[in-house]
Each structure stands twice: as structure tokens, then as C-alpha cells.
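In the working numbering, the protein residues as written are 1 to 305.
Right under this line is the structure:
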């Protein structure tokens with residue numbers, strides 16, 4: 001009996017050893033499998049919400065309730081987006097307000113009207129051509145004071161002003177016989193203003209022939225024919241059309257004696273002749289190419305009405 005009991009104990013110890021060895025092997029294989037799993041799956045498993053049974057933990061009285069980790073993260077995110085410091089920074093940097101550019105009407109209403117002077121035209125010519133002309137060319141564009149007529153002091157009508165600056169007009173008209181030329185050119189900003197000025201000079205022009213020199217409903221070819229057919233004493237028009245007629249040899253400057261610029265008159269938008277960019281450009285080009293050389297030769301006088 002004693003021998004059999006010893007055999008049973010030996011068998012029991014052998015089985016325990018085998019069990020322990022098998023358990024060790026199983027643990028090793030589990031560790032290897034865990035090491036072979038990718039990180040992404042591990043993170044996904046960690047990020048997944050634990051089951052409700054794991055959340056419900058036994059706690060003592062007075063302890064704070066257990067909150068899930070994901071709830072805390074969402075709270076932090078919402079608190080971050082509603083940050084008071086960001087709002088304070090926005091309020092501290094106000095938007096830049098652009099200053100309103102003054103209109104011509106505001107300038108006219110705020111200041112008293114001033115009559116034109118020869119220096120105004122001289123300064124405008126110098127400012128316009130200073131970037132495109134040399135110093136010598138700018139000096140050539142300057143006119144002596146003897147080339148200017150007396151300017152309008154804002155008390156004259158057009159007829160009274162022309163009678164003052166040109167007292168021998170009737171005699172000049174009788175002696176003028178050349179075609180394709182005019183004794184006087186009146187330059188204004190638009191065709192409507194030209195028609196108005198023709199009506200204003202009825203007391204001055206007398207029996208002289210006038211011609212409309214603007215582009216509204218009148219072709220250049222027709223105006224060239226009219227200038228070639230008969231004698232024209234006075235032409236009223238816009239600077240662009242007058243310049244194109246001179247360039248096409250439809251209008252000559254040989255018999256020209258007076259050039260009057262409608263300087264002080266303002267339209268509905270309170271703009272003068274030199275305030276409209278297109279008209280200003282055409283006027284200055286006409287002065288540069290034709291009027292200023294004729295003034296320097298002594299045959300033409302320039303007036304500012």
C-alpha cells in the first residue's frame with residue numbers, strides 16, 4: 001500500500017508540472033499575438049466606449065459620480081471655441097474706416113467761386129506734361145503774359161466779355177476772306193454747352209457766319225466740306241472735334257486771332273471744362289499742338305471766360 005501511494009503522489013506532481021508548463025506556453029503565445037497586433041487597432045479598441053457594466057463602479061457615499069473620458073474631451077473642445085480672449089482681441093482691433101473722398105460739389109459749396117487766371121492754365125499744363133516731357137520741352141509750353149486776354153471776372157456775359165476783349169470784331173469780319181479758317185474759336189465741354197453759347201453771342205456776332213464744331217449728329221466729312229465751301233468767322237465746339245479737323249487739314253489756324261476757353265462754367269455735376277478727364281486731355285493736346293505755337297508767333301490771343 002505504501003508503494004502505491006508513492007506512485008500516486010509522483011503522478012500528481014508530474015501532472016502539476018505539465019500544467020504549469022502549458023500555462024507558461026499559453027501566456028507566451030498570447031504575448032506574441034499582442035505584440036503582432038497594429039497600433040491603430042489598439043488605439044481604436046482604447047477609444048471605443050467601454051460597456052455600461054464597466055462604467056457602473058461601486059463607490060462609497062459622498063464620492064463624485066464617475067464621468068466618461070469622452071465627455072470631458074468634448075467639454076474641453078467647446079470651452080476652447082468659446083474663448084473670451086479671442087473675442088477681446090476682435091473688439092480691440094476695430095475695422096479701418098475709409099475716408100470719403102470729397103466731391104466737386106462739396107468743394108464748390110464750401111468755397112467761394114474764383115475767376116480764372118492765366119497762372120491756373122500754366123500750372124495745369126505743367127502738371128499734366130511733367131512726366132512725359134523734358135525740362136526744355138516744358139519751357140517751350142510756357143506762354144508769356146502778353147499772349148493772354150483779360151480774363152472774365154465772373155461779372156460778364158459771353159457777349160459783353162467778347163465785346164471787351166475784341167472791340168474791332170466787325171472790322172475783322174469784313175476783312176476776313178480766307179476759307180477753311182476762322183477768326184475766333186470758342187472751346188467748351190460739350191455739344192449742348194456749344195449750342196447754348198451760340199445763343200448767348202447773338203448780340204456780339206452780328207452778320208458773321210458761325211459753325212458748330214462738335215461731334216453730336218455731325219460727321220467730320222460734312223464739316224470739312226462746309227469749311228472748304230465758304231468763309232467762316234466764328235467756330236464754337238468741343239476740343240476733340242476741333243483737333244481732329246486741324247489734323248485732317250479741314251480747319252486752318254492761319255487766320256485765327258482769338259481762342260476763348262469756357263473755363264468757369266460748371267455743368268449739373270459742378271464740373272468745369274478742365275474737371276472732365278476726357279475733355280481736359282483733348283484741350284491740352286489741342287493747346288500743345290496748335291494753339292500754343294500760334295500764340296508764341298504773336299497771331300493768336302488766348303482768353304479764359
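For glycine and all other residues, C-beta sits at the position ideal for the given N, C-alpha and C.
In this text, all values refer to a predicted model and were calculated from it rather than measured experimentally.
**Asked** Any contact of the stretch 232-241 with the stretch 270-286, i.e. 3+ C-beta pairs under 8 Å?
**Response** yes
**Message:** Going by C-alpha to C-alpha distance, which of 141, 156, 151 and 24 sits closest to residue 259?
**Reply:** 151
**Prompt:** Helix, strand or coil: how does DSSP classify residue 201 here?
**Reply:** coil
**Asked** When you compare only the Cα positions, how much space is there between residue 214 and residue 148?
**Response** 25 Å
**Asked** Taking the alpha-carbon positions, what's the residue 384 to residue 123 distance?
**Response** The requested residue 384 is not part of the displayed model; the chain covers only 1 to 305.
**Item:** Which of helix, strand or coil DSSP assigns to residue 212
**Value:** strand
**Message:** Starting from residue 184, trace the beta strand (DSSP E) in both directions and tell me its first and last residue.
**Reply:** 184-187
**Request:** Could you tell me the boundaries of the beta strand (DSSP E) in which residue 301 lies?
**Result:** DSSP places residue 301 inside the beta strand (DSSP E), whose first and last residues are 301-304.
**Request:** Tell me whether residue 253 sits in a helix, a strand or coil according to DSSP, three-state version.
**Result:** coil
**Message:** Starting from residue 235, trace the beta strand (DSSP E) in both directions and tell me its first and last residue.
**Reply:** Per DSSP, residue 235 belongs to the beta strand (DSSP E) from 234-237.
**Prompt:** Do the CB positions of residue 292 and residue 250 come within less than 8 Å of each other?
**Reply:** no
**Message:** Do residue 245 and residue 261 count as a contact pair if the criterion is CB distance below 8 Å?
**Reply:** no
**Item:** Proximity of residue 182 and residue 232 at Cβ, strictly below 8 Å
**Value:** yes
**Message:** Judging by CA-CA distance, which residue of 24, 290, 207 and 192 is the nearest neighbour of residue 172?
**Reply:** Relative to residue 172, the option among 24, 290, 207 and 192 whose CA is nearest is 207.
**Request:** Label residue 187 either buried or exposed according to how many other C-beta atoms from any shown protein chain fall within 10 Å of its C-beta, with 16 as the threshold for buried.
**Result:** Buried, by the Cβ-count rule.
**Prompt:** Of all the alpha helix (DSSP H) runs that stay within the bounds of the stretch 113-150, which reach a length of 4 or more residues?
**Reply:** 118-129 and 135-140
**Request:** Using the DSSP secondary-structure output, state which residues sit across from residue 258 in a beta bridge.
**Result:** 184 and 301
**Message:** Among the candidates 228, 137, 248 and 163, whose CA atom is the shortest distance from the CA of residue 200?
**Reply:** The option with the nearest alpha carbon to residue 200 is 163.
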